[in-house]
Amino acid sequence: MECILEVIRTLPMGSCLSSDGWSGGRNPSSPASPASGARRQGGGIRRRRPSPEEEELDGIWERMCRNGATSAASLFTQQGKKGTNQDAMIVWENFGDRSDTIFCGVFDGHGPNGHMVARKVRDILPLNLCANLQLNAGNHDLKENNINIMNSEAIPSTIPQEDPRPPNGCDEKDRHSKFFKALKVSFLKTFRIVDKELRLHPEIDCFLSGTTAVTLVKQGEDLVIGNVGDSRAVLGTRDENNCLIAVQLTTDLKPSLPREAERIRRHRGRVFALKNEPEVARVWLPNMNSPGLAMARAFGDFCLKDFGLISVPEVSYRRVTAKDEFIVLATDGVWDVLSNKDVVSIVASAPTRSSSARSLVESAARAWKLKYPTSKTDDCAVVCLFLNLDKPNSTVYRKDDQLNSIEVVSFYQSNGKHA
């Protein structure tokens with residue numbers, strides 16, 4: 009945890025931590041995951057030297073943000089056909105120095121600097137969240153109005169260990185309620201701090217660029233999700249007949265939602281769809297047909313922050329049960345072409361847990377070609393978090409090249425409707 013303290017202490021408000029570092033100095037090459045900070049010159053690649061802050065983050069063994077797998081999760085991202093890969097992802101095990109806690113997230117950047125915004129948020133959000141978890145967990149007099157207090161300075165530290173036995177007069181439901189309240193306050197405060205940091209960043213122009221974020225913290229059997237934008241979290245679980253089903257855990261926060269559109273219009277923003285894509289509602293400035301953002305909440309995009317766009321996350325809680333098998337976090341490059349049911353089926357059918365994220369991304373790439381043959385394939389990023397590690401099929405691969413020999417399960421596209 010001391011290395012995290014040093015990163016926060018030495019991190020100026022505007023420093024850029026946008027590399028795709030492989031945890032613990034691991035940096036395998038992969039055609040699907042462009043090298044961090046690489047610049048192509050004359051047919052070659054010149055690597056940008058990582059900053060001290062980036063090297064500190066890369067040195068944290070439990071933190072992974074490139075293609076690979078851990079004992080509990082599988083990660084994979086692949087560039088589409090639209091240019092630079094603007095998606096990012098992260099898995100951080102032993103989060104807050106707790107062996108029972110893990111942080112996961114995927115981030116979908118957009119706009120000219122979307123790739124930098126997504127990676128910046130990937131780097132600083134978990135650091136700030138860890139700090140705020142400690143701050144709020146130590147406040148025994150936590151009140152509802154704490155949710156509106158977002159600007160306090162946070163000192164990072166470990167997440168405190170809970171007494172597994174509820175105190176006298178406090179049942180399990182009360183303990184879970186207090187846990188969720190503390191996590192919700194931490195998520196809300198963290199998202200606001202991160203957006204403020206982006207606004208003040210001297211090197212990343214976020215006026216017309218931003219990112220989504222779907223993130224989770226799992227501590228024991230407690231699961232809390234914080235979400236902005238249209239990336240999505242879906243649970244693979246068993247029903248009463250022991251059939252594997254898909255349960256969507258987040259809402260796609262788009263301007264087509266009545267409550268989102270109402271807020272945007274209340275702040276003088278406009279919501280309408282273009283004639284050539286009537287199914288996609290977008291957010292526009294009051295007096296200009298720009299920028300046409302296809303989501304109602306996002307980090308960055310400061311041109312719209314006075315007109316109804318917000319970075320406040322929707323925060324939800326779930327108690328994990330024995331029937332819950334895995335959670336998939338993915339950017340809309342996956343959800344635009346695969347239904348929730350398709351995604352759960354593909355992950356469950358992967359040859360190994362370690363190859364599940366790659367299987368899903370490659371299935372999405374094939375589905376793009378089938379469903380939208382004249383369109384450019386979108387970037388995809390996937391994190392598959394497995395909840396029952398006692399079950400078989402948990403082979404772990406740490407390097408991209410070890411995944412190359414795995415046969416990817418074939419996928420026959422369904423009717424394309426979301427479950």
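Just so you know, we're using the numbering used here here: the sequence shown kicks off at 9 and counts up by one.
Even for Gly, the Cβ is constructed at its ideal location relative to N, Cα and C.
Computed from a predicted structure; not experimentally measured.
If you draw a straight line from the C-alpha of residue i to the C-alpha of residue j, how long is it?
| i | j | result |
| --- | --- | --- |
| alanine 338 | arginine 276 | 31 Å |
| leucine 293 | leucine 133 | 28 Å |
| aspartate 260 | glutamate 64 | 34 Å |
| lysine 379 | valine 345 | 7 Å |
| arginine 273 | threonine 385 | 32 Å |
| glutamate 370 | leucine 208 | 37 Å |
| leucine 83 | leucine 137 | 21 Å |
| asparagine 295 | glycine 119 | 20 Å |
| arginine 271 | lysine 197 | 21 Å |
| valine 8 | asparagine 75 | Not covered by the structure: residue 8. The range shown for the chain is 9 to 427. |
| alanine 358 | alanine 389 | 17 Å |
| methionine 97 | aspartate 387 | 12 Å |
| histidine 123 | valine 99 | 18 Å |
| leucine 393 | glutamate 333 | 9 Å |
| arginine 71 | aspartate 108 | 15 Å |
| asparagine 250 | threonine 329 | 13 Å |
| phenylalanine 315 | leucine 252 | 42 Å |
| threonine 85 | valine 279 | 31 Å |
| aspartate 66 | lysine 262 | 34 Å |
| serine 217 | proline 299 | 10 Å |
| alanine 289 | aspartate 398 | 44 Å |
| asparagine 144 | valine 193 | 7 Å |
| arginine 391 | leucine 282 | In the sequence as presented, arginine is not what sits at residue 391; that position holds valine. The alpha-carbon atoms of valine 391 and leucine 282 are separated by roughly 32 Å. |
| valine 232 | tyrosine 325 | 5 Å |
| alanine 269 | aspartate 340 | 20 Å |
| proline 381 | serine 239 | 23 Å |
| alanine 126 | alanine 373 | 21 Å |
| aspartate 182 | aspartate 230 | 13 Å |
| proline 429 | valine 202 | Because the chain spans 9 through 427 in this model, residue 429 falls outside it and cannot be assessed. |
| serine 79 | cysteine 73 | 15 Å |
| leucine 135 | valine 225 | 13 Å |
| glutamate 101 | alanine 77 | 11 Å |
| glutamate 287 | lysine 349 | 22 Å |
| aspartate 247 | arginine 361 | 21 Å |
Go ahead and pull the three-state DSSP assignment for residue i.
| i | result |
| --- | --- |
| tryptophan 69 | coil |
| proline 134 | helix |
| proline 60 | helix |
| valine 279 | strand |
| serine 324 | strand |
| valine 291 | strand |
| asparagine 297 | coil |
| threonine 223 | strand |
| alanine 389 | strand |
| glutamine 142 | helix |
| lysine 89 | coil |
| isoleucine 212 | coil |
| aspartate 238 | coil |
| aspartate 465 | Outside the shown range of the chain (9 to 427) lies residue 465, about which nothing can therefore be said. |
| arginine 127 | helix |
| leucine 397 | coil |
| phenylalanine 315 | coil |
| arginine 274 | helix |
| alanine 269 | helix |
| arginine 74 | coil |
| phenylalanine 310 | coil |
| alanine 190 | helix |
| glutamate 285 | coil |
| threonine 403 | Residue confidence is low: threonine 403 scores 39 on pLDDT, short of 50, so the model does not pin down where it sits. No coordinate-derived value is stated. |
In this structure, what does DSSP give as the bridge partners for residue i?
| i | result |
| --- | --- |
| glutamate 101 | Ile110 |
| histidine 442 | Here the chain has residues from 9 to 427 only, and residue 442 is not among them. |
| isoleucine 253 | Thr245 |
| serine 79 | Bridge partners of serine 79: none, in fact. |
| leucine 231 | Lys226, Arg326 |
| aspartate 260 | Paired residues: none, contrary to the question. |
| phenylalanine 84 | Val390 |
| alanine 96 | Phe115 |
| arginine 305 | Ile318 |
Just to check my reading of the structure: residue i and residue j have Cβ atoms closer than 8 Å, yes? What is that Cβ distance to the nearest angstrom?
| i | j | result |
| --- | --- | --- |
| phenylalanine 195 | glycine 228 | Between glycine 228 and phenylalanine 195 the Cβ distance is about 18 Å, and since that is not below 8 Å, they are no contact. |
| phenylalanine 115 | phenylalanine 103 | At roughly 17 Å, the Cβ-Cβ gap does not stay under 8 Å, so phenylalanine 115 and phenylalanine 103 are not in contact. |
| isoleucine 335 | alanine 241 | 6 Å |
| alanine 221 | phenylalanine 307 | 6 Å |
| alanine 356 | glycine 237 | Not confirmed; about 26 Å, so no contact. |
| glycine 113 | threonine 219 | At roughly 11 Å, the Cβ-Cβ gap does not stay under 8 Å, so glycine 113 and threonine 219 are not in contact. |
| asparagine 297 | isoleucine 212 | Wrong, their Cβ atoms sit about 25 Å apart, outside the cutoff. |
| leucine 317 | valine 291 | 6 Å |
Examine chain D for any beta-carbon lying closer than 8 Å to the beta-carbon of residue i, and answer yes or no.
| i | result |
| --- | --- |
| lysine 226 | You won't find chain D in this structure, because it holds only one protein chain. |
**Request:** Jot down the residue ranges of each uninterrupted beta strand (DSSP E) in the region 329-385, minimum 3 residues, whole runs only, in chain order.
**Result:** 332-338
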